[in-house]
Structures are given as structure tokens and as C-alpha cells.
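Enquirer: Have a look at the structure that comes next, please.
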Amino acid sequence: MAEAVILLAVKKIGVALGNEAINQATSYFKKFVTQLTELQGSMGRIKRELRLMHEFLSRMDVRNRNNQTYEIWVEEVRMSVHRIEDIVDDYLHLVGHKQDTGWGTYLKKGFKRPNVLFSLNRIASSIKDAEANLVHLFQAKERWVWMAGGRATGSKSSSYIIETSRHLANISHSLDEDLVGVDENIRKLHEWLTSDELQREVIALHGMGGLGKTALAANVYRNEREKFECHAWVSISQTYSIKDVLKCLVTELDLKKKIQGNIGDMDTATLQNELKKFLMDQKYLIVLDDVWVPEAVNDLFSIFVSNLKGSRVLVTTRIDGVAHLAFPDKRITLEPLSEKKSWELFCKTAFPRDKNHECPTKLTVLAQQIVSKCEGLPLAIVSIGRLLFVRDKTEEEFRRIQNQLDWELINNPSLEHVRNILYLSYIYLPTHLKSCFLYCSMFPEDYLITRKKLIRWWVAEGFVEERGGNTMEEVAEEYLKELVHRNMLQLIEMNGFGRIKSFRMHDIVRELAIDLCRKEHFGRSYNCENKHGKFLEGKDERHVVIHKLDKHINQAILNECHSLRCLITLDEATPPSPCLLHLVADKCRYMSVLELTGLPIEKVPDAIDDLFNLRHLGLRGSKVKHLPNSIEKLSNLLTLDLNETEIQEVPNGIVKLKKLRHLFVEKMNELYGREFRPRTGVHIHKGLEKLNELQTLQGLEVQDEVSLRRLGELRQMRSIRIWGVKESYCESLCESLQQMEFLSFLSVNASGKEEVLKLDGLNPLPPNLRKLNLRGILAEAGMLLGSPAAGDQNNHSLYSVHLLWSQLIEDPLPSLSRWSSLTDLMLTRAYVGELFVFHQGWFPNLKELVLRDMPDLKRLEIHDGAMTSLQDLTLVNLSGLTEVPFGIELLSTLKNLGFWEITQDFLAALRQCHRIHHMQWWYSVRGETDGAL
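So this is what it looks like as C-alpha cells:
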């Protein structure tokens, strides 16, 4: 993991040696050119050294994972690199402070400098010491580290990884007798392997490590291989050698006697030709086990000839991209076992000698708690079952194992193969993903992490690299997808646009990741109720996530304050005195991410500007009413989240935050959005257009038309919510919005109930718009919402439309139905007519429909073939509706049906309607409690 720390330091030095920093430094230190040149030279040499060290550690990490001498050396490297990062931060702060701010403000909490030269000399001296320390560390490695494992070459390291992978594969291979809950998958594989299809076919078994892919493949391979003329099983690692794989195939297919010459002397091309020539006339079955990259299979396709003999290639993999080499109808994605099957598998391995593998009644509760921790992971269930098989069958022994199961997973030698199989997934991660993965492990067990927040944190931490023209947020989303596709994170929910919405980490994986966090001094969680809450003084941990606050939290932070780069709180309880924010501002000078959502903080201290490195400040849901003027000095700030606070105006100096990308400043007035003004934006007086990096603005309270004209200069805008729009502003607003080519979310809210939104200037809509929310009376809604009718030249994909208080006289459904990609539609006070009809073919992709607060609506008709994908239908306060919607029974995909705030008469009609007797639905009667049928 030290290579991830090094990568971050290399990036930071790159910033320090970039044109912007060099130009600033040259301007500020004109009288100290010699010192500045020497300092920059030392940084350049350190950067080169660290890049080489990064490559070295990336190659050595696997082979020396349990080498104590090596690990001590790596820990020293990590501490040295952390120190370098601190020095570079000091330098960036020094050159980033303009002289007119007064150099005396620099590090004023006990770090005042008498003059600029003193500060520059101190940093230069520290950098020279750090450079010398790196040289000493490499000398120490040459003297001592080689004794533990010798100097590893690339080929030796590769061979070791292959041997380790094969050993773990053999362990999994031997577990095929313990298979439970796989009958359907075995049936499918048997059918695919023995079908009459003569074309060579690729079959994929896909899932996270430990789900039993290899065991399942081994079971089928053993039972089906004799039906083929030749067969081979090859285990492949991420650092595979194509030549080694070819040699293994030659051995498995028993070709050594048939090939002239020594295969050890053959080059890759010769081996490929010999194998291709042999397989050309054979009906073959090849199993490629534990494949990590698509190239591993693609490199072998040239020898796996399609010879019209019914040959098959079976691939097992943890990687989604590898699984996609097989056709969709020839892929099996393994899922964790159900609770019932998990219990069956556990009893089979823990009580193999008992009649019917039954667990003694007195142990059932404890055993079930142990099994639940495995979350359906067969490898963990079998391994823990075998561990308990050799233990005393007493309540005391089972309770001891249950209480220390986390420790057992990390330390028990009999569970080493569980650790190794899951550690391989981590070890094989690219360097840039390792920090991202460990970051997710600091959240509580079963905690649902949301995409948007996590991405902003990753960007602020510096984990994300720039890639071409993509924003760092877009790159970070690709990182997240890759972790999900590698089965390191479990996808929980996608949004209506097919993007990740929330995810979690498997409990077993999380326990191993927590152990890695501890070993790597990456960070930790603080929870006064469990062992993860113990801070380690002097270990230089840089990330802390607080699950639960208590009276000791202030002292805990003080112990870590020098090194802390990230502090996230998840507990909304009242923090102990003094205020947590004041403590951080006073003591944690290197902080990059400060997320204090939900804490009852009332004041942001003036000293907040001491956090010169701060990139993310989250105070959502706090009681803050004002921001200090010093906020303008947070020149590195990327995200400022003040949603649901009491703030109504921000300081004029906020427009000086040139790097700001996300600004959330809305006061919540009403939770459900049914009132005309459920939220209030903030006024930004002048200079908003200067924030040209801004991607998110929620929300802006419009004061005049002039500010709207300048809005179009925010060309990077992705998401904007605007309040207080008047009809006279609409033309300027539309002109500005049309200049935002990347805009994906737009919310326009009128200044009053009688104000008309004349938005025909948005026709056609911005090309990348995905979500559109309009609140207020709409003029010519058909022109705005019906643009695809004339042929959508931009191939537009509008997924979500919310119309509120539109008061339309004309039925909006015919216009809306032209947006065939819609997945989410909400109409609140949007229509004053009496009839809604959903015709055949309308809204084929719609998943969620909400009709709310339309008292004039008397009839709702749904024709056969309408809304064929609908999953959620919610009808709220439709007081004019007296009949159960016609055709509602035709919605075969419906999962959730709600009738809210209905009358007693309508409830009676629902209960008597035979058309919905087969459907479960929820309801509430005005003034009464909710219910379900």
C-alpha cells in the first residue's frame, strides 16, 4: 500500500513544480532566487526517486507480503513519504499566500515566522533532510532487506504469484464436495457444455472471491471432461506469462511426447503453433481459472480454434470485463448464498458426523450469529465450519469464537486461505484504486455509501488523476465502477439512468480491509463501542471516520491532529465541548476533507482560513447562520456544502474561491416539496461568473436579470437549481442555460405562484440534460417538452421530469410521452383537467410515476401496452378521483402501489375492486394512520 502513498506524494510534488506554483514562487521570492532554485531542485530529485520507488514497491509487494524485514522497511518508507507530503504542503501554502495578506498570518497557531526567508530556508532544509533520508533508506534496504527474501526479479515475482494463485485455486478446487445451493448452475453448465452447438463457445463464471467459482467449475469439469476428446485446467494470475500458460496447456493436454524438441527451449510462437495444430482436430474442454484481465483470454483465442466440433472454453473470473468475453446467455454471475443455504452449508461442514448434519439446539443461536457474519460467502462459511468442527461443542467455546470472529479472520492460521483469496483481489488492484478501496472500509458495517458524496471526497483527497477531457468526478465514477466490476464493492442500487446510486462492502471483505488500514496506517474508524475506536498515537494515520461521538473524541483528535487529512462524522449527536469545528480549525492544519454533516454547529470560526489545504467542507444540516469573511482564503476549496443550514447569504469574497466546483447553499423550508417554496436559495451579489470551475450550484436566489446574463459564463456547470425566476428574466436565463453544454440537471423555480415561466428558449433542451424540474406556471409547455416530436437531432435522453405548480390547462401527457427514455415522472399541481389517459406504447421505460395534489383530476385510464416497465406508482391527494384507475391491473411489472391521503369512500372502492385483489397496495386516509392491503 505504500505505493499508493508514494503516488499521492508524487502528484503533490508535481503541483509544487507546476507552472502556476513556479510562477507564484518566482514572483514572491525575487530576492531569494538561489534558495528557491535549490529547493525546487531537491523536490525534482525526490520526485524522480519516488517514482522509481513506486515501481519497485509495486513489483515487490506480493512476494514479500509476510516478510517482516521488508514490512518494517516499507513502514519507514511510508513515514518518510508522509513527512515529504507535509513539507510540500507547507511550501504550497507559503507560495500560495500573497504578500498583501501578511506573512505573519502564516501558520499563526504556534508557527509564526519572523520573515519570508526564514520560512523558505526552513522548508528547503527539511526537503534536503528528506532527500538524504530516502538515500539512507535505499542503503538500508541493500544492507538488510535482501536477507529476508533475496532480490526478486520480475520473472521470479511473476512465478511466485502464479504459484500462489494455483495453490489457492487448488484449495477452492478441493471444496467442490461441499457445494450447496448450486444445482441450477450445475444444470446450466451441463446443458451448455453438452449442447449440440458445434461452434466453439466461451462460458463465464463470474463473482467475488470466495463465492465458489472454482469449486463449481471443478465439479462440472470432473463430471463432464470425459465427454471431450481432450481437456485441460489452467490457473491464471494477473501477472501471468503467456509462455508459462502455454507450457501448462502442453503439459495438461499431454503433448510433450507428441512434440519434437524440448518445450522449455521453444518460443511463444512455436508453442502457439503446436497447440493450435493439435486442437484443430479435437473436441476440447479448456478451463481458464481465476482470470483477471480480458487480455489473458484474448491472447489464447488464436489457439482455441473454432473447429465445429463442439469445443468449450470455461472461464472463472472476479472481473466483469472478463465475463463479458462470453455471450450474455452463456454467463453465470454467482450470488451469495441465501440464509437457508448458508445454514445448510455451515451445518454440513461443522457437524459432519451428526445425524442429518444438525446443529445442537443449545448452539443454534450462536452458530446462526456466526454464519450471518459470513453473508453467504461459501469459502468463509466452509472455513469457519471446519474451524468449529475441531473445537468443543459448548456454548462457551462458540460464544468465544462469535465474540472474536473478526480477530479469527485476521489471525487464525486455519483461515489463511480465506485471507489470501480476498487479499489477492486487493493486491491486484491498480495503485490508484487501493486508497479508494481502503477509504470505503472505514464506514460502519452494512453502511450504504452514496456515489455522489464519495466521489467528491475522493477528488478532494487527491486520489483521482486527470484523464483527457473528462472531469475528475467523471474519472472517479469510473474508479467506482471498476471496484464494483472487480467485486470489491457490492452494488445495492442504480438510479433511473443506470448509474451507481449506493453500494456497500461485504462484511468479510471489510474486516480484511480494516486490517489493511491498520497495517498501512491509512486510517481508522472511531466508535466508542468497539475495538476499531482505539486511536494509535504516533502512527501517522491520515483519515478518520467517526461512527459515534463521545466525550473522548476531542482528545482522540488531539492525538492525531498533526497528521489528519480527513475527518468525517456520521453521528448527528451533539458533540462535546469545545465545538468540534473550532478544535479542528485550531489544531488540524493539514486537513483536506472535513465532513461534519448534521452536527448542531452554530458558528464557523474565523480561524477556518488556517486550514489552507481544505478542499471539502461539509456542514449540511448544521445550525450555521453566517460564514466568516475569512472563508475567501480557502483557495484550494473544491466543495462547500451548506445545504439545510440557516444561511441566506454568503460573503462577497466567496467568488475568490477560483477552484470551487460544488456549492450547495439551500435552506430547507418543507421536506416533501409540496409547498410552493420548499427551499430558499442564497444571493450571490457580484462576480459569480468568476467561478469558472463550478459544476454544481444549488441553489441560486435570483436578484436581477443582470446576474442571469453572466450565468452563461459558467461553462463547466453540470447541475443547477435556480429560485426566484420572474417572467421578465426568462429570455436571459434561457440564453445562459443554452451555453452550458454539459448541463445534466436543471431546476427552475418561479418567484411566485402567479409568475409565468416562459422557457420556449430552451427548445431544444441542452444536449446532455438528464433531469428537468420546473416549478411554476408554464407557458407553452408543449413547445418545451415536446421537442423530440420533430426528430431529436441530439439523440436526447431525458430521464427525469418533475413538473410542479404548472397549472396546465392542456394535457401534458401527449408531449411528455415523446420522451421515450423517461424513467421518472412526477406531476404535482401540474394539471387542472379532469382526465389522464396513458395510451399504448407511451412511456416504455418509465419506472416511477407520482401524481400529486391535482384535485380536479377525476379519472385515470391506463391502456394495455402503456408503461410496460413501471415499478412504482404513487397517487397522492387526488381528491376528485372516485374510481379505481382503469387498467391499473395491466401494470404487470408494478412492485409498489400507493394511494395516499384518500377519502373513506375511495378506500371502500379500492377494497371492493376485484381488479386489484391480486395486488398489494399501501394507503393512508386523510387524518388517519397508514395501512396496507
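Under our numbering, think of the first position of the sequence shown as 12, with each following residue one higher.
Glycine is no exception: its CB is placed at the ideal position from the N, C-alpha and C atoms.
Keep in mind the model is a prediction, meaning the values are calculated, not measured.
1) Is it right to say R402 is buried, meaning 16 or more other beta carbons lie within 10 angstroms of its own, or is it exposed?
2) Expressed to the nearest angstrom, what Euclidean distance is found between the alpha-carbon atoms of L500 and V736?
3) Suppose you measure from the CA of C259 to the CA of D278; what does that come to, to the nearest Å?
4) Tell me which residues share the same chain as H242 and place their Cβ nearer than 6 angstroms to its Cβ, disregarding the 5 neighbours each side in the sequence.
5) Compare the C-alpha of D300 against each of A567, I330, K404, S313 and name the closest.
6) Measuring CB to CB, does E208 end up less than 8 angstroms from G387?
7) Helix, strand or coil: how does DSSP classify D835 here?
8) Please identify the residue among F239, F897, L905, K512 whose C-alpha is closest to the C-alpha of A920.
9) Helix, strand or coil: how does DSSP classify M505 here?
10) Applying the 10 Å Cβ sphere with the 16-neighbour rule, what's the burial state of P823?
11) Just mark P347 as buried or exposed, buried being the case when its beta carbon has 16 or more other beta carbons within 10 Å.
12) When you compare each of Q293, N318, L282 to D310 by their alpha carbons, which one comes out closest?
13) Do D643 and G629 have their C-beta atoms closer together than 8 angstroms?
14) Mind reading off the beta-carbon distance from H694 to Q709? Whole number of angstroms is fine, and I expect it under 8 angstroms.
15) Roughly how many whole angstroms lie between the Cα atoms of T832 and Y810?
16) Would you say the region 342-360 touches the region 489-498, given that touching needs at least three Cβ pairs under 8 angstroms?
17) Comparing alpha-carbon positions, which option in H147, L846, E845, R729 lies nearest N481?
18) Taking the continuous alpha helix (DSSP H) assigned at A229, which residues delimit it?
19) Determine the extent of the alpha helix (DSSP H) in which S826 is found, giving its start and end residues.
20) My assumption, with CB atoms under 8 angstroms, is that A228 sits in contact with V298. Please give the rounded CB distance.
21) Just the C-alpha distance for S349 and Q380, rounded to the nearest angstrom, thanks.
22) Cα separation between R233 and L68?
23) Kindly indicate which three-state DSSP category Y960 falls into: helix, strand or coil?
24) Alpha carbons only, please: which of A226, L702, M679, Q659 is nearest the one belonging to L648?
25) Is the beta carbon of H104 sitting closer than 8 angstroms to the one on F623?
26) Distance check for L527 and M602, CA to CA, integer angstroms please.
27) Does the region 437-451 touch the region 12-32, meaning 3 or more C-beta pairs lie closer than 8 angstroms?
28) If you count every other CB in all the chains shown that lies within 10 Å of the CB of V26, and 16 or more means buried, which is it?
29) With C-beta atoms as the reference, is V520 less than 8 angstroms away from S536?
30) Can you tell which of G698, W816, L744 has its C-alpha closest to the C-alpha of P689?
31) Could you check which residue in L881, L610, L725, E531 has the C-alpha nearest to that of M9?
32) Per DSSP, which one or two residues make a beta bridge with C577?
33) If I'm right that L560 touches T580 with Cβ under 8 angstroms, what's the distance once you round it to whole angstroms?
34) Out of H428, F40, D97, V302, which one is the CA nearest neighbour of W244?
35) Roughly how many angstroms lie between the CA atoms of I460 and E82, to the nearest whole one?
36) Look at the Cβ atom of E746, then the Cβ atom of N779, and state whether they are nearer than 8 angstroms.
Expert: Reading from the atomic positions:
1) Within the sequence shown, numbered from 1, the residue matching residue 402 stands at position 391. The residue in question, R402, is exposed, as its Cβ has fewer than 16 Cβ neighbours within 10 Å.
2) Looking up residue 500 in the sequence shown gives position 489. Looking up residue 736 in the sequence shown gives position 725. If I take the Cα positions, the gap works out to 42 angstroms.
3) In the sequence shown, counting from the first residue as 1, residue 259 sits at position 248. In the sequence shown, counting from the first residue as 1, residue 278 sits at position 267. Those two C-alpha atoms are separated by around 14 angstroms.
4) Reading the sequence shown from its first residue, position 231 is the one you call residue 242. Excluding sequence neighbours, H242 sits near R236, L296.
5) Translated into the one-based positions of the sequence shown, residue 300 becomes position 289. It is I330.
6) As a first step, residue 208 must be located in the sequence shown, where it is residue number 197. As a first step, residue 387 must be located in the sequence shown, where it is residue number 376. No, the Cβ-Cβ distance between E208 and G387 is not below 8 angstroms.
7) Counted from its first residue, the sequence shown places residue 835 at position 824. D835: strand per DSSP, three-state reduction.
8) On the sequence shown, residue 920 is found 909 positions in, with the first residue counted as 1. Of the candidates F239, F897, L905, K512, the one whose C-alpha sits nearest the C-alpha of A920 is F897.
9) Within the sequence shown, the letter at position 494 stands for residue 505. DSSP places M505 in strand when its eight states are reduced to three.
10) Working through the sequence shown from its first residue, we reach residue 823 at position 812. P823 is buried by the Cβ-count criterion.
11) For the purposes of this step, residue 347 is taken as the residue at position 336 of the sequence shown. Counting Cβ neighbours within 10 Å, P347 comes out buried, since at least 16 surround it.
12) Locating residue 310 in the sequence shown gives position 299, counting from the first residue. For D310, the nearest C-alpha among the options comes from L282.
13) As a working mapping, residue 643 is identified with position 632 in the sequence shown. As a working mapping, residue 629 is identified with position 618 in the sequence shown. In the sequence under discussion, the amino acid at residue 643 is Glu, which differs from the Asp named in the question. It is not a contact, given that the beta carbons lie outside the stated cut-off.
14) Taking the first residue of the sequence shown as 1, we reach residue 694 at position 683. Taking the first residue of the sequence shown as 1, we reach residue 709 at position 698. Contact flag wrong, Cβ pair sits at about 14 angstroms.
15) What you label residue 832 is simply residue 821 of the sequence shown in a count that begins at 1. What you label residue 810 is simply residue 799 of the sequence shown in a count that begins at 1. At residue 832 the sequence reads Ser, which differs from the Thr that was named. Cα to Cα, S832 sits roughly 6 angstroms from Y810.
16) no
17) As a working note, residue 481 is residue 470 in the sequence shown. Answer by Cα proximity: R729.
18) One-based indexing of the sequence shown puts residue 229 at position 218. 224-235 is the extent of the alpha helix (DSSP H) around A229.
19) To locate residue 826, count along the sequence shown from 1; it is residue 815. Run containing S826: 824-827, per the alpha helix (DSSP H) assignment.
20) Mapped onto the sequence shown, residue 228 falls at position 217. Mapped onto the sequence shown, residue 298 falls at position 287. A228 to V298, Cβ: 6 angstroms. Contact.
21) In the sequence shown, residue 349 corresponds to position 338, counting from 1. In the sequence shown, residue 380 corresponds to position 369, counting from 1. One C-alpha to the other measures close to 14 angstroms.
22) Residue mapping note: residue 233 aligns to position 222 of the sequence shown, counting from 1. Residue mapping note: residue 68 aligns to position 57 of the sequence shown, counting from 1. Cα to Cα, R233 sits roughly 40 angstroms from L68.
23) In the structure displayed, the chain extends from 12 to 944; residue 960 sits before or after that span and is not available.
24) For this step, residue 648 is matched to residue 637 along the sequence shown. Of A226, L702, M679, Q659, the residue nearest in Cα terms is L702.
25) Residue mapping note: residue 104 aligns to position 93 of the sequence shown, counting from 1. Residue mapping note: residue 623 aligns to position 612 of the sequence shown, counting from 1. Contact: yes.
26) Residue numbering aside, residue 602 sits at position 591 when the sequence shown is read from its first letter. Residue numbering aside, residue 527 sits at position 516 when the sequence shown is read from its first letter. Their Cα atoms are separated by approximately 23 angstroms.
27) yes
28) Within the sequence shown, the letter at position 15 stands for residue 26. Exposed, by the Cβ-count rule.
29) In the sequence shown, residue 520 corresponds to position 509, counting from 1. In the sequence shown, residue 536 corresponds to position 525, counting from 1. Going by C-beta atoms, V520 is not nearer than 8 angstroms to S536.
30) The count along the sequence shown starts at 1 and reaches residue 689 at position 678. For P689, the nearest C-alpha among the options comes from W816.
31) The shown model of the chain, from 12 to 944, leaves out residue 9, and the question about it has no answer.
32) Indexing the sequence shown from 1 puts residue 577 at position 566. In DSSP, C577 forms a bridge with H554, V604.
33) In the sequence shown, residue 560 corresponds to position 549, counting from 1. In the sequence shown, residue 580 corresponds to position 569, counting from 1. Right, their Cβ atoms sit about 7 angstroms apart.
34) What you label residue 244 is simply residue 233 of the sequence shown in a count that begins at 1. The residue with the shortest Cα to Cα distance from W244 is V302.
35) For the purposes of this step, residue 460 is taken as the residue at position 449 of the sequence shown. For the purposes of this step, residue 82 is taken as the residue at position 71 of the sequence shown. Their backbone Cα atoms lie some 32 angstroms apart in a straight line.
36) Here residue 746 refers to the residue found at position 735 of the sequence shown. Here residue 779 refers to the residue found at position 768 of the sequence shown. Against a cut-off of 8 angstroms, the Cβ pair of N779 and E746 comes out as no contact.
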